[in-house]
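Step one of this worksheet: look at the structure below.
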Amino acid sequence: MKFGMRKPSLKRSFKARTTGKLKRAIKRKTNPFYGKKGMGLVRDAKRAAYNRIYKKATFSILDLFKKRK
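Using numbering that gives the first Met the number 0, read the sequence shown as starting at 0 and increasing by one per residue.
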């Protein structure tokens with residue numbers, strides 16, 4: 000498990016921002032469970048648990064510039 004700052008990937012962040020609205024809309028129409036909260040836990044519990052811990056244990060460089068609540 001990694002702790003600390005994540006290495007940023009411009010390629011992945013660009014891909015995440017440009018994945019089409021239409022593509023997500025089609026998935027939502029065909030799969031009633033797409034994008035629902037908790038579906039990751041149902042489909043792959045081990046992966047969901049790992050991702051939850053990873054998200055809490057690491058941070059990105061952009062998080063340093065965001066305002067805290």
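By construction, the Cβ of each residue, glycine as well, lies at the ideal position given by its N, Cα and C atoms.
These numbers were taken from a predicted model, which means no experiment stands behind them.
To which residues does DSSP link Gly-3 through a beta bridge?
DSSP, once it has assigned bridges, lists Thr-57 as partnering Gly-3.
For Ser-12, three-class secondary structure by DSSP:
helix
Whole angstroms is fine: what's the gap from Lys-69's alpha carbon to Ala-47's?
There is simply no residue 69 to check, as the chain begins at 0 and stops at 68 in what is shown.
Quick check: Met-4 and Ala-56, are their CB atoms within less than 8 Å of each other?
For Met-4 and Ala-56, no; Cβs fall outside 8 Å.
Return yes when the Cβ of Pro-7 is within less than 8 Å of the Cβ of Ile-52, no when it is not.
no
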